[in-house]
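Visitor: So that we are looking at the same thing, I have put the structure below in structure tokens.
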Amino acid sequence: MVPARIEDLLRAHAPQVLGALVRRYGHFDTAEDAVQEALLAASTQWPACGIPQEPRTWLIRVASRRLIDILRSEQSRREREAAEAVRIPPEQYLAPPADAGLPGDDSLALLFVCCHPALSRPSQVALTLRAVGGLTTAEIAHAFLVPEPTLAQRISRAKKQIKTSGIGFQPPPPDEYAARLDAVLQVLYLIFNEGYVATAGPELQRADLAAEAIRLTRMLHRVLPDDGEVAGLLALMLLVHSRRAARTDAGGALVPLAEQDRGLWDRDEIDEGVALVTHAMSHADLGPYQLQAAIAAVHAEAATAGDTDWRQILGLYDLLERMTDNPVVTLNRAVAVAMVHGPRAGLTFLTYLDDDPRLAGQHRLEAVRGHLLELAGEPGQARECYETAARRTTSRPEQRYLQLKAAQLAGS
């Protein structure tokens, strides 16, 4: 059993180690294998021998040596020793020395190479979530609302394309940022979402993923300080992340937004997020991340759930829905419609989503329907929806919450 502290450390360093190897040696797919072997070595050695003083340098050294071994083996099999010796100077076969300082953080550069315009948008996002976010194929498939085998093939094709097309590991020049930025922002958004509500497992949140998404988005904001959508995404993350301490009770059970102790919300993150989105919306073209941040800001600035300005939220969702083709946005708008015009108006709105294949088999639609039916005074139908949603979710805290809601309505 690997101690939790070591597991967290390895998860945090894995994307940076992969970035360092790909930048130095190329060979994306082989580098990923070498990093996995280094992580395995660390998980067996560190619990017994202690964590090295510079864990990232240690991981890069071990992964580099393994990568070089793999490359040399391949060269030998293909009889390319001479050609490879000309292409790569001998000193580049050496791993970083033991006393080398920490390398620069290559996570942002890795993010941009995974979002290279030669790759399709779905491949860009899927590959980056795997390489930079460290998500499993199942987690990414859930985020994309696609079958897991389809997602696995998508990642495999992207890796092969990087290998065969000679895509270099270099951040794009400033005039190429726009071609990759949409994909980069979508990746960061999905990584954060998986951290905020884990797809599966015993915990509601994965703090490491949420923190990594915020860290990378801060880095991107420093590179592009005047981009309204970068600022909007960072604001959105901070405003949502500010609620983390109030989202579960002492036993780890989910606490819905309306019932959270707002005294536990992080005011520093709220203040920073509100300042970011306020500045972005007044100085840049309006975009979907800014609108989502503005919605989160309305929630954050309400002293109680009853003080929430739902009419303002509905107006923001009206704008957001016109900008995006996302069933989750429509689902959230239905809740806002219900809060402004009554639950039956929200239920009518949900019927537009019943045949959307992107929500097929997902728990969100039935969970929201159950909530609105409960508000509408239909406990029997609400209970059935909660039970259906509980069967569909793979998050145990969400499952327990939905089962509890159904049980509370059983005698009604």
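For the sequence shown, the UniProt record's numbering begins at 1 and goes up steadily by one. Note that CB positions come from ideal geometry on N, CA and C, so glycine has one too.
1) In the DSSP output, what is T248 paired with across the bridge?
2) Between which residues of its own chain and L37 is the CB-CB distance below 6 angstroms, once the five residues before and five after are set aside?
3) In chain order, what residues of the same chain lie with their CB nearer than 8 angstroms to the CB of R247, ignoring the 5 residues before and after it?
4) Does DSSP classify G19 as helix, strand or coil?
5) So what's S242 in DSSP terms, helix, strand or just coil?
6) What did DSSP end up calling G201 once you bin it into helix, strand or coil?
7) Within 10 Å of its beta-carbon, does L129 have 16 or more other beta-carbons around it, so buried, or fewer, so exposed?
8) Measure the Cβ-Cβ separation of E148 and T164 and say whether it is below 8 angstroms.
9) Would you mind giving the Cβ-Cβ distance between Q161 and L119, rounded to the nearest angstrom? I have them listed as a contact below 8 angstroms.
10) Does the beta-carbon of Y352 have 16 or more other beta-carbons within 10 angstroms, so that it is buried, or is it exposed?
11) For A245, collect the residues of the same chain with a Cβ closer than 6 angstroms to its Cβ; drop the 5 residues on either side in sequence, then sort them by chain order.
12) Name the two residues that bound the continuous alpha helix (DSSP H) containing P122.
13) Using a threshold of 8 angstroms, state whether the C-beta atoms of L209 and E229 are closer than that.
14) I need the straight-line Cα distance from A211 to I191, nearest angstrom please.
15) Over the uninterrupted alpha helix (DSSP H) stretch that includes S156, give me the two end residues.
16) Name the residue from T30, V35, V368 and Q53 whose alpha carbon lies nearest to the alpha carbon of S73.
17) Counting pairs of beta carbons, one from the stretch 358 to 376 and one from the stretch 335 to 344, are three or more of them closer than 8 angstroms?
18) So the alpha helix (DSSP H) D399 belongs to, where does it begin and stop?
Guide: Concretely, from the data shown:
1) Stepping through the sequence shown from its first residue, residue 248 is reached at position 248. Looking at the DSSP assignment, T248 forms a beta bridge with L254.
2) Counted from its first residue, the sequence shown places residue 37 at position 37. Note that residue 37 corresponds to Glu in the displayed sequence, not to Leu. Only residues of its own chain outside the window of five on either side were considered, and among them R66 have a CB closer than 6 angstroms to the CB of E37, listed in chain order.
3) Within the sequence shown, numbered from 1, the residue matching residue 247 stands at position 247. Answer for R247: L204, Q205, L254, V255 and Q260, listed in chain order.
4) One-based indexing of the sequence shown puts residue 19 at position 19. It is helical.
5) Position 242 of the sequence shown, counted from the start, is the residue given in the question as residue 242. Three-state result, S242: coil.
6) Reading the sequence shown from its first residue, position 201 is the one you call residue 201. Looking at G201 - three-state DSSP - the assignment turns out to be strand.
7) Stepping through the sequence shown from its first residue, residue 129 is reached at position 129. Label assigned to L129: buried.
8) Translated into the one-based positions of the sequence shown, residue 148 becomes position 148. Translated into the one-based positions of the sequence shown, residue 164 becomes position 164. In this structure, T164 does not lie closer than 8 angstroms to E148 by Cβ.
9) Your numbering for residue 161 matches position 161 in the sequence shown. Your numbering for residue 119 matches position 119 in the sequence shown. At roughly 6 angstroms, the Cβ-Cβ gap stays under 8 angstroms, so Q161 and L119 are in contact.
10) Taking the first residue of the sequence shown as position 1, residue 352 is located at position 352. With fewer than 16 other Cβ atoms within 10 Å, it is exposed.
11) Counted from its first residue, the sequence shown places residue 245 at position 245. Excluding sequence neighbours, A245 sits near L264.
12) As a first step, residue 122 is located in the sequence shown; it is residue number 122 there, counting from the start. Segment R121 to A131, the alpha helix (DSSP H) holding P122.
13) Start at 1 with the first residue of the sequence shown, and residue 209 comes out as number 209. Start at 1 with the first residue of the sequence shown, and residue 229 comes out as number 229. It is not a contact, given that the beta carbons lie outside the stated cut-off.
14) Reading the sequence shown from its first residue, position 211 is the one you call residue 211. Reading the sequence shown from its first residue, position 191 is the one you call residue 191. Cα-Cα distance, rounded: 10 angstroms.
15) If you number the sequence shown from 1, residue 156 lands on position 156. S156 -> alpha helix (DSSP H) spans E148 to S165.
16) Mapped onto the sequence shown, residue 73 falls at position 73. It is T30 whose Cα lies nearest to the Cα of S73.
17) yes
18) Start at 1 with the first residue of the sequence shown, and residue 399 comes out as number 399. The question names Asp, but residue 399 is Gln in the sequence shown. Bounds of the alpha helix (DSSP H) holding Q399 are R396 to Q408.
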